[in-house]
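Note sheet for the following structure.
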Amino acid sequence: MSGIDDERGTRWVLHVDMDAFFASVEQLTRPTLRGRPVLVGGVGGRGVVAGASYEARRFGAHSAMPMHQARRMVGSGAVVVPPRGSIYRVVSVRVFSMIREAIPVIEMLSFDEAFGEPVHLAGATRAEVVEFAEEIRARIATLGLSASIGAGSGKQIAKIASGMAKPDGVTAIAPGGERDFLRPLSVRKLWGIGPVAGDRLHRLGIETIGELADLSTMEVSSVLGSTIGPALHRLANGIDDRLVAERSSAKQISAESTFADDVTSMDQLLLAIDRAAASAHRRLLDDGRGARTVVLKLKRSDMSILTRSATTATATTDVAALTAAARRLALDPVDIGAIRLVGVGYSGLTSDEQFLLFTPGEDSVEVATTDTSESDPADEVTPEPQSANSSAQGVQTASGRTRDDSGQITWATGTDVRHPDFGHGWVQGSGHGVVSVRFETRVTGPGPARTFRSDTPDLEAADPLDSLVWSVDPPVS
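Structure (structure tokens):
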């Protein structure tokens, strides 16, 4: 080989990103869904897409989009299923346990993506790195899933490159080519450039990473703050020496946004809470644990901070319940003053989720007020929202069954069930006293559909993990 493939890099960072992970796991364990436009998320009024298969993405659907909008875009062929956090967690563990066999130290970002810096690739050529990445992808493919991998001299380059490799590919940026690779890209591609900072740069006519890189350090500091400004300037110039290191489990998962115009009404505040709760919920699903405590953070225009929390006895990932709890903590801006920042956080994280909803009688509310001095402008650089939502309609309870207004039993769509004669299946639909079940697992291929009376005693809720048919799991890393 010759040219850029022969250029050796002193450091190679890989970013492994599973392709359409949530939807792909649904298609893996429910073979009837393979090749179909699958939307993972809630179907209620506030339902948001948590994941979309590539078949759905061809219609323009994507994660963080309101579910009703995604369904309109995809049309009658759309298949909507609720998230199954427990199964995503188990599949993630198996995937990244395989990766650890080749890359002992990886930095998990979420269920479906991680950084790695293979020591043996130090000094390797681009061609050698691509070959190694393809070996990783081949390992993942043995599970029936696909991944895209980006490689470069640092985390920033690797992450952007993996996005360009999607779906199911590898992109490696040759050493010395970082600046040329970054220059034409939107400045919003950089970590740390959120809506506020992006709008600020837009007003200054700075649209690309190259234009940001051309500024002086002093100019960047005046626009983005003395802390994050220089760091972003280095990234824009292709300089990224951040280490790849194992991450400890988060104690709290949160999302917050600073607004260009202060929030001054209760309606505005509730809308902001909904968005923050949905964004934090996406990260909660990625983490794989349920939350017992909801925390609402409000920063007023005088820079003082109010925090309020609600705690229950059981953990949940139900976004409708989590959002409702956050809404109940709201304080009217008319009473407390204008609000410049709204955040929602989830803590008390545990894997022992019981899918029980918050009720007012269970909430223990604690209120605390903290005054802070004015923050650095960097505080206003917020991450891109990665909101995801589901609804109470899409939450699988312990029994999987509820009663409608007429007293008839209904099954939540997507509920995993078991029948003594037909084995494991999942609910495709329910109503008018009947339930339709598709009996299939990862190993069966597309299975038969059967219709039963909703109250049949032979049908019972099952563990979603049974659809994987994995008899031996690797050790949890």
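Numbering (my numbering), first residue to last: 165 to 641. Backbone N, C-alpha and C fix where the C-beta goes; we use that ideal spot for every residue, glycine too. As the structure is a computational prediction, the values presented were derived from the model and not from experiment.
C-alpha gap between residue i and residue j, whole angstroms
i	j	result
Val633	Ala625	16 Å
Leu174	Ala288	In the sequence as displayed, the identity of residue 174 is Thr instead of Leu. When rounded, the distance between both Cα atoms is 7 Å.
Leu178	Ala315	4 Å
Thr533	Phe423	A caution first: Thr533 carries a pLDDT of 41, below 50, which makes its placement in the model unreliable, though a value can still be read off. Cα to Cα, Thr533 sits roughly 20 Å from Phe423.
Phe586	Arg614	9 Å
Ala556	Arg367	Low confidence applies here, because Ala556 scores a pLDDT of 32, under 50, leaving its location unreliable; read the following figure in that light. Those two C-alpha atoms are separated by around 41 Å.
Leu388	Asp404	18 Å
Ile321	Asp378	18 Å
Pro348	Leu354	12 Å
Val245	Thr577	7 Å
Ser429	Arg221	36 Å
Thr579	Leu273	28 Å
Pro439	Pro584	The displayed chain sequence assigns Arg, not Pro, to residue 439. Roughly 43 Å between the two C-alpha positions.
Asp499	Val483	28 Å
Gln572	Thr566	8 Å
Val257	Gln191	18 Å
Gly356	Trp590	41 Å
Leu434	Asp425	15 Å
Thr193	Lys319	32 Å
Ser326	Val180	7 Å
Lys323	Glu371	20 Å
Gln432	Arg492	15 Å
Thr391	Val360	16 Å
Pro541	Glu383	In this predicted model, Pro541 has a pLDDT of only 33, less than 50, meaning its place in the structure is not dependable; the value taken from the coordinates is given anyway. Looking at the two C-alpha atoms, the distance is approximately 13 Å.
Phe616	Gly241	24 Å
Sheet register partners of residue i (DSSP bridge)
i	result
Phe279	His179 and Glu271
Thr457	Thr475 and Ser511
Gln416	Ser511
Glu624	Arg582
Trp634	For Trp634, which the question treats as bridged, DSSP gives no partner whatsoever.
Thr335	Gly314
Thr480	Ala455
Ser350	Thr372
Arg172	Thr289
Whole-Å CB distance - residue i paired with residue j, under 8 Å assumed
i	j	result
Ser600	Thr574	12 Å between Cβ atoms; not a contact.
Ile313	Val283	Not really, about 17 Å apart at Cβ, beyond 8 Å.
Asp332	Phe185	Not quite, the Cβ-Cβ distance comes to about 13 Å (not below 8 Å), so this is no contact.
Glu418	Gly509	It should be pointed out that residue 418 corresponds to Ser in this sequence rather than to Glu. The pair is a contact, with the Cβ atoms about 3 Å apart (cut-off 8 Å).
Ala225	Val238	6 Å
Ser631	Gly597	That pair is no contact at about 26 Å.
Val146	Leu197	No statement about residue 146 is possible, as the shown extent of the chain runs from 165 to 641 and does not include it.
Pro628	Arg248	5 Å
Glu265	Val408	With 8 Å as the limit, Glu265 and Val408 do not qualify as a contact, their Cβ atoms being about 17 Å apart.
Leu307	Phe296	Their Cβ separation, rounded to whole angstroms, is 19 Å, which puts Leu307 and Phe296 out of contact at 8 Å.
Leu486	Thr478	12 Å between Cβ atoms; not a contact.
Leu203	Arg236	Rounded, the Cβ-Cβ distance is 11 Å, inconsistent with contact.
Leu365	His397	That belief does not hold up - the Cβ atoms of Leu365 and His397 are roughly 12 Å apart, past 8 Å.
Ser380	Gly393	That belief does not hold up - the Cβ atoms of Ser380 and Gly393 are roughly 11 Å apart, past 8 Å.
Ile437	Ala494	6 Å
Closest by C-alpha distance to residue i, when choosing among the options
i	options	result
Gly280	Glu371, Gln233, Leu365 and Arg406	Arg406
Ala336	Ala576, Val293, Ala455 and Phe260	Val293
Ser468	Ala576, Gly512, Leu505 and Ser250	Leu505
Pro612	Asp622, His588, Gln416 and Thr457	His588
Met262	Ala395, Asp569 and Arg303	Arg303
Asp344	Gly402, Arg439 and Gly241	Gly402
Val607	Glu375, Pro195, Ser188 and Asp431	Pro195
Asp622	Arg582, Trp590 and Arg602	Arg582
Ser317	Gly341, Glu299, Ala311 and Gly327	Gly341
Arg446	Met229, Gly369 and Gln233	Met229
Val259	Ser310, Gln233 and Ile437	Ser310
Val255	Gly369, Ala305 and Ile437	Ala305
Lys415	Thr514, Gln233 and Pro497	Thr514
Ala291	Trp176, Val360, Arg492 and Gln432	Trp176
Glu410	Gln592, Ala278, Glu604 and Ser570	Ala278
Val427	Ser570, Asp568, Pro497 and Thr620	Pro497
C-beta contact flag for residue i and residue j at 8 Å
i	j	result
Gly206	Met231	yes
Ala400	Ile373	yes
Pro339	Glu219	no
Leu460	Ile503	no
Ser465	Gly501	yes
Ala490	Ala441	yes
Ser473	Thr457	yes
Gly362	Val351	yes
Thr475	Gly512	yes
Leu449	Ala214	yes
Gly452	Arg602	no
Val189	Ile267	no
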